[in-house]
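Undergrad:
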Amino acid sequence: MLTGDKMSVYSGTFIGSITMATPLLLAALGENIVQQAGIVNVGLEGMMLIGAFAGMLGTRQFENPYMGLVVAAIAGLLAALLFAVFVIKLTANQVVVGVVINLLAIGLTGTIYRAVFGSTGTFLTISGLPHFFQGITVLTPSALFVVPLIWWALFHTRRGLELRACGEQPAAADAAGINVNRIRLIAVLFGGTMAGIAGAFLSLGESNTFIENMTSGRGFIALAIVTSGRWNPWGCLAAALLFGFTNELQFQWQALGLHLPYQLFLALPYAATLFILASGGKLSHAPAALGQPYRKA
Amino acid sequence: MKLPSLLLALWRRFLLILAYGAGLTLLLCVTFLILKIPPVTALSSLCIGAFGDSESGHIYSISETLIKTTPLLLTGLGVVVAWQAGMFSIGGEGQLLIGALAGMAAGKIGEKIPSSLLTLIIILAGVGAGAFWGYLAGIMRVKRGVQEVISTIMLNYLAIYLVGWMVEGPLQEKARRVSQSDPLPDSVLFARIIPPALTNGSIARLHSGTLIAVLSILVVSFMMYRTRTGFGMRLMGQNPDAAKTARYPIDTLRLRAMAISGGLCGLAGVIELLGVTGRLYANFSPGWGFTAIPVALLGGLTPIGTAASALFFGALTEGSENLARFSGVSSVLIYVIQAAAVLAVVGAKSWQSLRKEA
Numbered sequence: 000m001l002t003g004d005k006m007s008v009y010s011g012t013f014i015g016s017i018t019m020a021t022p023l024l025l026a027a028l029g030e031n032i033v034q035q036a037g038i039v040n041v042g043l044e045g046m047m048l049i050g051a052f053a054g055m056l057g058t059r060q061f062e063n064p065y066m067g068l069v070v071a072a073i074a075g076l077l078a079a080l081l082f083a084v085f086v087i088k089l090t091a092n093q094v095v096v097g098v099v100i101n102l103l104a105i106g107l108t109g110t111i112y113r114a115v116f117g118s119t120g121t122f123l124t125i126s127g128l129p130h131f132f133q134g135i136t137v138l139t140p141s142a143l144f145v146v147p148l149i150w151w152a153l154f155h156t157r158r159g160l161e162l163r164a165c166g167e168q169p170a171a172a173d174a175a176g177i178n179v180n181r182i183r184l185i186a187v188l189f190g191g192t193m194a195g196i197a198g199a200f201l202s203l204g205e206s207n208t209f210i211e212n213m214t215s216g217r218g219f220i221a222l223a224i225v226t227s228g229r230w231n232p233w234g235c236l237a238a239a240l241l242f243g244f245t246n247e248l249q250f251q252w253q254a255l256g257l258h259l260p261y262q263l264f265l266a267l268p269y270a271a272t273l274f275i276l277a278s279g280g281k282l283s284h285a286p287a288a289l290g291q292p293y294r295k296a
Numbered sequence: 000m001k002l003p004s005l006l007l008a009l010w011r012r013f014l015l016i017l018a019y020g021a022g023l024t025l026l027l028c029v030t031f032l033i034l035k036i037p038p039v040t041a042l043s044s045l046c047i048g049a050f051g052d053s054e055s056g057h058i059y060s061i062s063e064t065l066i067k068t069t070p071l072l073l074t075g076l077g078v079v080v081a082w083q084a085g086m087f088s089i090g091g092e093g094q095l096l097i098g099a100l101a102g103m104a105a106g107k108i109g110e111k112i113p114s115s116l117l118t119l120i121i122i123l124a125g126v127g128a129g130a131f132w133g134y135l136a137g138i139m140r141v142k143r144g145v146q147e148v149i150s151t152i153m154l155n156y157l158a159i160y161l162v163g164w165m166v167e168g169p170l171q172e173k174a175r176r177v178s179q180s181d182p183l184p185d186s187v188l189f190a191r192i193i194p195p196a197l198t199n200g201s202i203a204r205l206h207s208g209t210l211i212a213v214l215s216i217l218v219v220s221f222m223m224y225r226t227r228t229g230f231g232m233r234l235m236g237q238n239p240d241a242a243k244t245a246r247y248p249i250d251t252l253r254l255r256a257m258a259i260s261g262g263l264c265g266l267a268g269v270i271e272l273l274g275v276t277g278r279l280y281a282n283f284s285p286g287w288g289f290t291a292i293p294v295a296l297l298g299g300l301t302p303i304g305t306a307a308s309a310l311f312f313g314a315l316t317e318g319s320e321n322l323a324r325f326s327g328v329s330s331v332l333i334y335v336i337q338a339a340a341v342l343a344v345v346g347a348k349s350w351q352s353l354r355k356e357a
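Below, the structure written as structure tokens:
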């Protein structure tokens, strides 16, 4: 009897960790590509929020959660296009534009949400993505499937090599005939699409509604995952699972009646990320030209 | 010879601020039109909210606007120092919270110390803790090459959870009901500086901490433009190689920039604690540390400009509460305004510099 209870706690923790990790992993995999191309997208949080909102709108409009997913992906792509115009075309500071995207996302989704649905506080529910098993939707296996795909594309294809060259030595890449800013544009658009889908997980896969600022920092966690995952998709998977696990642990821990401050678990992944970063040696694995705009000489 | 040129410079700065104000007002009007709200009524309602009307009196509303401006101004100055030095810290939020936490803890530990001395100790504790939080990101950059953008995000969350735990743990109120600390004794808090006679009885909350914030504008201006450290920081921000060639101690300057920036944000937290809330609680900051970035950017990353920008957005924040009451427009609209304004400025500047190169 007791062992049965324990088993369900363990399997519950495992499933919970994976579902918790899914949006983080999706966003982090996109950002991994973006950063390998030499760009830091701090606006990830905002792009996810836009995705969550657009996913809800699309699902209502087409009365189909999969169409909602498509709309969310397109919305993320459009947000990334705005980011790319400023960062790549106008060579503006990436942190500035990223912060602006976050502000814009909170402001726009909040304003439109209240304008369209009113601030009456009535709960807006939509029929989200069908659950196959204990909260597992189509997105979780997809995210896991994308990990080896991106790893292969990054490290075992010519395109992947070119992309990493843009992040390491853009001038040299340019000299070798690679169109640096075009590759960076494609990378940013891919990252935005993934962020949009990651956001849709929250509104369509998890809560079947939209809540203002519902990403509540998950985009920033995804940034941390890319860094602590050492700019490698497998590393991202491990880091995302760690985040999901510690997050899940707080619930299970409380369910088991252990009175530890739950903030400890929530803070653990951030502390771990800082520790990994600080101990990992100078600039190891980080793309050398990360954060620098590229202007053709 | 010197005075006229100074006057001219001030006049130019004034015109620039005026132009920005006009641009922002235009942006507001466009946004209202998109939302199908009559711009004139909306603007006047914003103004009444921020500066009062003849019926309810002006002083109370202006006092509230200045209260909203104070944390924006101090965190904005923090952004100015770090970003001018080329350190793109987004850790203001965490530094502010750590400052408030340290101040609260100092207040609790030092209960028996005479109150005016304790106030000073609380302020110093807040500034010190904020500076330390900023320094952490600095040392990771200098020693390990960790990008401050990433490390400050982590430090923000550590601060948020640390405060969350403290107000449910060691610092929680004696009644242990709500996630908040007990209030600090009134004698420790900042004095209200508007006599009640001026406001027909309603208590204006403006406190002496705002004066410290105003003083900080001068101190930061002096440091950035009249000291060797400030010059080195600005040079480093514009051209790190030139700063290296000129034998400026890059690492030391980076650490100083981060520590001063963090100290200013910590000061913002502790002033809010001593001037407005009197106690610490979860969600102590509505995101001042993040809003500080557009505020400082629209202020051109200069102390004076940031002061003007903080005042504008402080007034907008206060005014939007009045606007929300009759139009159903939420205060998150301010974020849209800030985002659009920063994009316009950044876009125009980048476009200009690209055209110059071509």
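The listed protein sequences correspond, in order, to chains A and B. In this text, residue positions in the first sequence follow numbering that gives the first Met the number 0: the first is 0, and each later residue adds one. In this text, residue positions in the second sequence follow numbering that gives the first Met the number 0: the first is 0, and each later residue adds one. We put the beta carbon where it would ideally sit given N, CA and C, even for glycine.
For B:Gly125, which of B:Gln146, B:Ala136 and B:Gly93 has the nearest alpha-carbon?
TA: It is B:Gly93.
Undergrad: Just the Cα atoms here: how many angstroms apart are A:Thr192 and A:Ala270?
TA: Each residue's alpha carbon lies about 29 Å from the other.
Undergrad: For the ligand ZN, any of its heavy atoms closer than 8 Å to the Cβ of A:Leu81?
TA: This structure lacks the ligand ZN, and indeed carries no ligand of any kind.
Undergrad: Report the CB separation of A:Ala172 from A:Met46 in whole angstroms; it is logged as a contact under 8 Å.
TA: In fact, because the Cβ distance is near 26 Å, the residues do not count as touching under 8 Å.
Undergrad: Could you tell me the alpha carbon to alpha carbon distance between A:Ser215 and A:Val33, rounded to whole angstroms?
TA: Approximately 22 Å, taken between the alpha carbons.
Undergrad: Could you check whether the Cβ of A:Phe85 sits closer than 9 Å to any Cβ belonging to chain B?
TA: It does: the Cβ of A:Phe85 has a partner Cβ on chain B nearer than 9 Å.
Undergrad: Using a cut-off of 9 Å between C-beta atoms, extract the partners of B:Gln146 located in chain A.
TA: In chain order: Val39, Thr226, Leu276, Ala285, Leu289 and Gly290.
Undergrad: Kindly list, in the order they appear in chain B, the residues whose Cβ is closer than 8 Å to that of A:Pro260.
TA: Within 8 Å Cβ-Cβ: Trp164, Glu167 and Gly168.
Undergrad: Quick one: is A:Glu211 near chain B, going by C-beta distance under 9 Å?
TA: Yes, A:Glu211 counts as interfacial toward chain B.
Undergrad: Look up B:Tyr280 in the DSSP assignment and say whether it is helix, strand or coil.
TA: In this structure, B:Tyr280 counts as strand in the three-state DSSP scheme.
Undergrad: What three-state label does DSSP hand B:Gln179 in the structure shown?
TA: Residue state, collapsed to three classes: strand.
Undergrad: For A:Thr208, which of A:Met55, A:Asn63, A:Ile38 and A:Ile87 has the nearest alpha-carbon?
TA: It is A:Met55 whose Cα lies nearest to the Cα of A:Thr208.
Undergrad: Round the Cβ separation of B:Ser207 and B:Ile192 to the nearest angstrom and send it over; I've been treating them as touching at under 8 Å.
TA: About 5 Å; that satisfies the 8 Å criterion.
Undergrad: Would you call the CB atoms of B:Leu272 and B:Ala99 closer than 9 Å?
TA: Contact: yes.
Undergrad: For the region 70 to 94 of chain B, which residues have a beta carbon sitting closer than 7 Å to at least one beta carbon of chain A?
TA: Those residues of the region 70 to 94 of chain B that come within reach of chain A (Cβ to Cβ, closer than 7 Å) are Phe87 and Ile89.
Undergrad: What's the C-alpha gap between B:Ile108 and B:Leu123?
TA: So the two alpha carbons sit approximately 14 Å from each other.
Undergrad: Does the Cβ-Cβ distance between B:Ala339 and B:Leu26 come in under 9 Å?
TA: In this structure, B:Leu26 lies closer than 9 Å to B:Ala339 by Cβ.
Undergrad: Step through the CB atoms of chain A and report whether any lies within less than 9 Å of the CB of B:Glu356.
TA: So, interface residue.
Undergrad: Are the region 76 to 87 of chain A and the region 95 to 106 of chain A touching, with three or more C-beta to C-beta distances below 8 Å?
TA: Taking 8 Å as the limit for Cβ pairs, the verdict is that the region 95 to 106 of chain A does touch the region 76 to 87 of chain A.
Undergrad: Please return the same chain residues whose Cβ sits closer than 8 Å to the Cβ of B:Thr228, not counting the five positions on each side in sequence.
TA: Hits under 8 Å: Met222, Leu252 and Arg255.
Undergrad: Within 10 angstroms of its Cβ, does A:Val70 collect 16 or more other Cβ (buried), or is it exposed?
TA: By the 10 Å Cβ count, A:Val70 comes out buried.
Undergrad: For B:Asn321 and chain A, any beta-carbon pair shorter than 9 Å?
TA: False, the Cβ-Cβ gap to chain A never drops below 9 Å.
Undergrad: Using 9 Å as the limit for Cβ to Cβ distance, is A:Tyr9 near chain B?
TA: Cβ-Cβ to chain B under 9 Å: no for A:Tyr9.
Undergrad: Give me the subset of the region 45 to 71 of chain A whose CB atoms are less than 8 Å from a CB atom of chain B, sorted by chain position.
TA: Listed in sequence order: no entries.
Undergrad: Considering only their Cβ atoms, is the gap separating B:Leu117 from B:Ala365 smaller than 9 Å?
TA: Residue 365 of chain B lies beyond the range of chain B shown here (0 to 357); nothing can be said about it.
Undergrad: Could you spell out the range, first to last residue, of the alpha helix (DSSP H) harbouring B:Val328?
TA: Segment: none, B:Val328 is in no alpha helix (DSSP H) and carries neither H nor E.
Undergrad: Could you spell out the range, first to last residue, of the alpha helix (DSSP H) harbouring B:Trp82?
TA: First-last of the alpha helix (DSSP H) with B:Trp82: Ile58 to Gln83.
Undergrad: Who are B:His206's beta bridge partners in DSSP?
TA: Paired residues: B:Arg191.
Undergrad: Figure out for me which residue from A:Ala91, A:Cys165, A:Leu289 and A:Ala221 has the closest Cα to the Cα of B:Ser352.
TA: The option with the nearest alpha carbon to B:Ser352 is A:Ala91.
Undergrad: Taking the beta carbon of B:Gln337 as the centre, do at least 16 other beta carbons fall within 10 Å, making it buried, or is it exposed?
TA: The residue in question, B:Gln337, is buried, as its Cβ has 16 or more Cβ neighbours within 10 Å.
Undergrad: By the criterion of Cβ-Cβ separation under 8 Å, what are the contact partners of B:Pro293 in chain A?
TA: Result: Val98, Val99 and Leu102.
Undergrad: Please go through the same chain and pick out, in chain order, the residues whose beta-carbon is closer than 8 Å to the beta-carbon of B:Val341, but skip the five residues on each side of it.
TA: Correct list, in chain order: Pro293, Leu296 and Leu297.
Undergrad: Can the beta-carbon of A:Ile87 be found closer than 9 Å to that of A:Val225?
TA: Not in contact: A:Ile87 and A:Val225 (Cβ atoms no closer than 9 Å).
Undergrad: Can you check whether the C-beta of A:Tyr293 is within less than 9 Å of a C-beta belonging to chain B?
TA: Judged by the 9 Å Cβ criterion, A:Tyr293 is not in contact with chain B.
Undergrad: Compute the beta-carbon to beta-carbon distance between B:Ile259 and B:Leu73, rounded to the nearest angstrom, for a pair I have assumed lies under 8 Å.
TA: Contact flag wrong, Cβ pair sits at about 12 Å.
Undergrad: Got a sec: is the Cβ-Cβ distance from B:Phe13 to anything in chain A below 9 Å?
TA: Chain A, which has no Cβ nearer than 9 Å to the Cβ of B:Phe13, makes this no.
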